[in-house]
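One structure is given below, encoded as structure tokens.
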Amino acid sequence: IDSPRHRASHIEREALLSDQLPVEPVKFIVLVPCSLVIENTNATNLTAIVDFGHSFLYSRQELLDSEFLHEMANGNGNIMIASNWRGMSRLDLPLVLRTFVSEPSMFSSLRDNIIQGYGPRVAI
């Protein structure tokens with residue numbers, strides 16, 4: 015963390031004030047249930063847009079794999095959105111294992127990843 019280039023060291027005020035912020039694409043899934051598409055053309059039966067958070071060490075794919083979530087969206091008139099939660103997805107498994115097995119000092123990196131995971135979710 016003492017390194018000035020470490021992402022947890024500080025906020026780069028100059029980068030925030032300039033037009034040179036890096037742009038990163040966010041992959042996400044939107045599930046629109048058949049009950050909204052077939053029965054309703056003006057979306058009056060839409061009850062909620064649900065931001066689905068996947069299970070620990072899984073991915074946004076869980077939204078497509080779960081029959082329960084499809085039934086819930088269809089029965090309640092919910093549109094569901096999912097993206098990978100940085101710090102909690104299967105892509106983070108190596109860091110999680112390394113932290114718990116050999117380097118507990120890296121726990122702050124796990125925490126930072128989870129906090130940074132809010133950005134893409136807010137953008138969606």
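Numbering (the numbering used here), first residue to last: 15 to 138.
For every residue, glycine included, the Cβ atom is placed at its ideal position computed from N, Cα and C.
Just so it is clear, the structure is predicted and the values come from calculations on it, not from any experiment.
Review point. Ends of the alpha helix (DSSP H) at residue 86?
Key: 81 to 90
Check your understanding: With C-beta atoms as the reference, is residue 73 less than 7 Å away from residue 134?
Key -> no
Point to revise | Own chain residues within Cβ distance below 7 Å of residue 105, not counting five before or after | key: 98
Point to revise | Outcome for residue 127 when other beta-carbon atoms lying within 10 angstroms are tallied against a minimum of 16 | key: buried
Exercise for review: Rounded to whole angstroms, what's the CA-CA distance from residue 119 to residue 113? Just pull it up for me.
Suggested key: 7 Å
Check your understanding: Where does residue 73 fall in DSSP's three states?
Key -> coil
Exercise for review: Could you tell me whether the Cβ atoms of residue 77 and residue 107 are closer together than 7 Å?
Suggested key: no
Practice item. May I ask you to report which of helix, strand or coil DSSP gives residue 45? Key: strand
Review point. To which residues of the same chain is residue 93 closer than 8 Å at the C-beta, ignoring the five residues directly before and after it?
Key: 44, 45, 46, 47, 50, 60, 62, 63, 64 and 87
Point to revise | Rounded straight-line distance, which links the Cα of residue 81 to that of residue 117 | key: 38 Å
Point to revise | Close beta carbons around residue 69, own chain, < 8 Å, minus the five adjacent residues each side | key: 76
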